[in-house]
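To start, the structure itself, in structure tokens.
Residue numbers (this note's numbering): -12 to 42.
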């Protein structure tokens, strides 16, 4: 890598999530909902990490 270049990293997780409702949703709707839930988990973990660093 040259100076100033950043390496792009992609992480792929194989995760199954069971929705509480039995509503039929399209694949795109499920993907959108799951991504929002995953983002929420990541943000919560990052906030916990910041709290631990600042204490």
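Where a beta carbon is used, it is the ideal one built from N, C-alpha and C, also for glycine.
For residue 9 and residue 18, what's the separation of their Cα atoms in angstroms? 16 Å
Just how far apart, CA to CA, sit residue 37 and residue 29? 12 Å
Limits of the alpha helix (DSSP H) - the one that residue 28 falls within: 14 to 41
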